[in-house]
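Colleague: Protein chains in written order, with my numbering: chain A, 32 to 358; chain B, 5 to 138. From the three backbone atoms N, C-alpha and C, an ideal C-beta is built for every residue, glycine too. In this text the structure is predicted, and so the values were computed from the model without any measurement. Got a structure for you, written out below as C-alpha cells; questions coming shortly.
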Amino acid sequence: MAECDGKSSPKFKTNVIKSLDTLESYISERDNSEDVFYLSPVPDLCKEYPCILGIDEAGRGPVLGPMVYGTSFCPINEQMILHKLECADSKQLNEEKRDDIFKNMLENSDKIAWGIEVISPNSICNSMLSRSKYSLNQVSMDAAIKLIRAAIDSGAKIQHIFVDTVGKPEKYQAYLKTIFPSYEITVAKKADSTYPIVSAASICAKVSRDHALRVWEFTEGLEIKSEEFGSGYPGDPVTKKFLVDSCDLVFGYPQLVRFSWSTAENALKDTAYHVEFEEIEKQDKKDAPPANNTSITSFFKMTSKPSIVKKEHEFFARRCLTRKVEF
Amino acid sequence: MATIHIHPKAQFAKKNSKLQSMPFKVHADCDANVEQYFNSYVKTTKDNYFKSSFRGYPLLGKEVPVPDGYVGLVLHESIKPITEKEERKLRITNTFSNITFWNWDKVPSKNDSIIKALEWIEIAEVLHSPIVEE
C-alpha cells in the first residue's frame, strides 16, 4: 500500500522540466492515479513587468487518459515572443510541430513561464461518481483557478487573464471575476485561436497530455503501449479495440479509462458483469411507500386467526442482523 | 428451522484470508483479479482511512477487527438447500481476523452495518452472562 502523496518534492528525481524527456520523467515518476501539478520557475521579467496569462485545456473529450489544464504567462511588452514561437491554435498543429513549439518555449524560459495541472482519469471518475456529483465543468474551473492562483502566488505581476471557456463565457467570466476581482479577465470561445497567450497555454496542455499517455504505466501490470490504446476519442478504431480487449469482467477497465464516460459505461454494460451499488439502490427506493403496511380492508376480513408475524426488535433490524437458526 | 453442521478442515486455522466488504454487488460468482485491479491502488489517507476506486466510484475503507475471543469463518456450502427446513452442511474454507470495510464516498463510521452488527457481540455477552450478586 502506498502512502498518500504529499506534494513534497525530495522523493522525486525530476523537479524541473527542461526538455520533453524531463517532462516525461516528471510525469512518469508521479502516481498516475492522482493529479500532478507543475509550475515552471518564474523569470524575473514576469515579476517586474505586468503580464498576460492564458489558460486552456487538453483532453476533455476522450474516454481515456488525463485531462490537462495548462497556463502560460509573459510580460505584455515581451508578447512578440509568442508570434516568434508561432503559437497558434494547438488543434491546427500536428504533434511534431507542437513538440517543437513547446521545446522553443522552454528555451525562452527567461521571458515565458508555464504550468500544468494533470487531472488523472481516476480523479475525474471519482469526482463525477462522488455522492455530491462534482461535475466536469467544476473540475475544469477549479483546475484553471488553481493555475491562476499559483501564477499569482509565484510573484508574477499578472494583469490580464485570458481563458478558453467552459460552458457559457459570460457566466464563467463573472465567476472568475468574483474570485480574482483585481485582475482583468477575458473568457472567450475559441480563445486558443484568438489569443496567442492562450495558444501557448493550449500547447503546454496538449503536449503534456500526449506525453503523459506515452509514458503511462499500468498499475494493473498490463503491458500495453500507447499506440495500442489510441487517442481515446470514441471514433478511433484503436481505442475501440482497446476497450474491447482490455475489459476485466469484474473490475471493468484499468484506471487509464474514464468509467464515467458513456462510451465506457455502455461498453461495460454489454461485456462485464453487472454491478449494483447498495446505496444508489436505497436512494431510489426512498420514495416508494413503506412495505409491511396493513391495508385498511384487511380489518374487515373475517379470519379466525390473525396472522402474527414475529418481528425482531428494531435493534437487530438496524444492524442487519437476522436469526438464521433456531437454537 | 434447519440445523447447520460446520465441518472444520484440519488445517483451517492456518489460512487467514484478507476479507473486504464492498458497498456493491457483482452479479457473478467467480475469482477476481483483486490484487491487480484493486489492492494495487489502495492508499492510506492522512486520517488513516483507506482510499481506492471501483469502476470509477470513489471508496473509503477502514479495517474492522473481529472482536477478541472470536474468529471469523469463511464457509462454503456445496449443496444448496431447497427448503428452509433441511439440514445444511457447511465447510470452513478460511478464517479471518479483520474485515476491510468499504463505503462509497463516505467515511466508515459507527453507523455502518458491519460495525453496528459487531456491537451485538458485546451486548449479547452482557445479556447472557450470569448475574453475580454483590
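Name the residues in the stretch 185-200 of chain A whose C-beta lies less than 7 Å from a C-beta of chain B; which are they?
Modeller: none
Colleague: Taking buried to mean at least 16 other C-beta atoms within 10 Å of its own C-beta, is threonine 353 of chain A buried or exposed?
Modeller: exposed
Colleague: How far does the alpha helix (DSSP H) with alanine 232 of chain A in it reach, from first residue to last?
Modeller: 227-245
Colleague: Serine 257 of chain A and leucine 274 of chain A - do their beta-carbons sit closer together than 8 Å?
Modeller: no
Colleague: Comparing C-alpha positions only, which one of A:Pro200, A:Met136, A:Leu124, A:Gln286 sits nearest to proline 51 of chain A?
Modeller: Reading the sequence as shown, one finds leucine at residue 51 of chain A and not proline. Of the candidates A:Pro200, A:Met136, A:Leu124, A:Gln286, the one whose C-alpha sits nearest the C-alpha of leucine 51 of chain A is A:Met136.
Colleague: How about glutamate 307 of chain A and lysine 110 of chain B: are their beta carbons less than 8 Å apart?
Modeller: Going by C-beta atoms, glutamate 307 of chain A is not nearer than 8 Å to lysine 110 of chain B.
Colleague: Please check if any C-beta of chain B sits within less than 8 Å of the C-beta of asparagine 108 of chain A.
Modeller: no
Colleague: Decide if the stretch 271-289 of chain A is in contact with the stretch 30-43 of chain B; the criterion is three or more beta carbon pairs, one per stretch, under 8 Å apart.
Modeller: The stretch 271-289 of chain A, when compared against the stretch 30-43 of chain B, does touch it at the 8 Å Cβ threshold.
Colleague: Can you give me the Cβ contacts of tyrosine 57 of chain A inside the same chain, cut-off strictly under 7 Å, excluding the 5 residues immediately before and after it?
Modeller: Thr45, Ile48, Tyr69
Colleague: Could you please tell me which residues of the stretch 238-269 of chain A, in chain order, have their CB closer than 8 Å to any CB of chain B?
Modeller: Thr250, Glu251, Gly252
Colleague: Tell me, please, whether the stretch 174-192 of chain A touches the stretch 126-134 of chain A by the rule of three or more beta-carbon pairs shorter than 8 Å.
Modeller: no
Colleague: Using a Cβ distance threshold of 8 Å, determine whether the stretch 261-275 of chain A contacts the stretch 112-123 of chain A, with at least three qualifying pairs required.
Modeller: no
Colleague: Is glutamate 309 of chain A close to chain B, meaning its C-beta is less than 8 Å from at least one C-beta of that chain?
Modeller: Against chain B, the CB of glutamate 309 of chain A has a partner CB under 8 Å away; the residue lies at that interface.
Colleague: Quick one: what's got a C-beta closer than 6 Å to histidine 191 of chain A's C-beta in the same chain, skipping five residues either side?
Modeller: Excluding residues within five positions, the ones whose Cβ falls inside 6 Å are Ile83, Glu215.
Colleague: Please determine, among A:Glu148, A:Ile147, A:Arg162, A:Pro106, the residue with the shortest C-alpha to C-alpha distance to aspartate 141 of chain A.
Modeller: With distances taken between CA atoms, aspartate 141 of chain A lies nearest to A:Pro106 out of A:Glu148, A:Ile147, A:Arg162, A:Pro106.
Colleague: In the DSSP output, what is glutamate 148 of chain A paired with across the bridge?
Modeller: A:Phe68, A:Tyr100
Colleague: Quick check on glutamate 215 of chain A: does DSSP put it in helix, strand or coil?
Modeller: Judged by DSSP in its simplified three-state form, glutamate 215 of chain A adopts strand.
Colleague: Beta strand (DSSP E) containing phenylalanine 346 of chain A: first to last residue?
Modeller: Counting along the chain, phenylalanine 346 of chain A falls outside any beta strand (DSSP E), though it belongs to the alpha helix (DSSP H) covering 345-349.
Colleague: So, helix, strand or coil for valine 306 of chain A, using DSSP?
Modeller: strand
Colleague: Residue ranges of each alpha helix (DSSP H) run of no fewer than 4 residues wholly in the stretch 100-179 of chain A, ordered along the chain?
Modeller: 111-115, 126-138, 152-159
Colleague: Decide if alanine 232 of chain A is buried, meaning its Cβ has at least 16 other Cβ atoms within 10 Å, or exposed.
Modeller: The residue in question, alanine 232 of chain A, is buried, as its Cβ has 16 or more Cβ neighbours within 10 Å.
Colleague: With a Cβ-Cβ cutoff of 8 Å, do phenylalanine 100 of chain B and valine 130 of chain B count as a contact?
Modeller: no
Colleague: Could you have a look at glutamate 88 of chain A and say whether DSSP puts it in helix, strand or coil?
Modeller: strand
Colleague: Give me the Cα-Cα distance between histidine 132 of chain B and serine 291 of chain A, rounded to the nearest whole angstrom.
Modeller: Distance between the alpha carbons of histidine 132 of chain B and serine 291 of chain A: 51 Å.
Colleague: My assumption, with CB atoms under 8 Å, is that tryptophan 108 of chain B sits in contact with tyrosine 61 of chain B. Please give the rounded CB distance.
Modeller: 6 Å
Colleague: Helix, strand or coil for aspartate 279 of chain A per DSSP?
Modeller: strand
Colleague: Where are the alpha helix (DSSP H) runs, 4 residues long or more, that stay fully inside the stretch 41-67 of chain A, in chain order?
Modeller: Listed in chain order, the complete alpha helix (DSSP H) runs (minimum 4 residues) inside the stretch 41-67 of chain A are 51-59.
Colleague: Can you name the residues of chain A whose CB is closer than 7 Å to the CB of tyrosine 41 of chain B?
Modeller: Going along chain A in sequence order, the residues near tyrosine 41 of chain B (Cβ under 7 Å) are Glu251, Asp279, Phe282.
Colleague: Does chain B have any CB closer than 8 Å to the CB of histidine 344 of chain A?
Modeller: no
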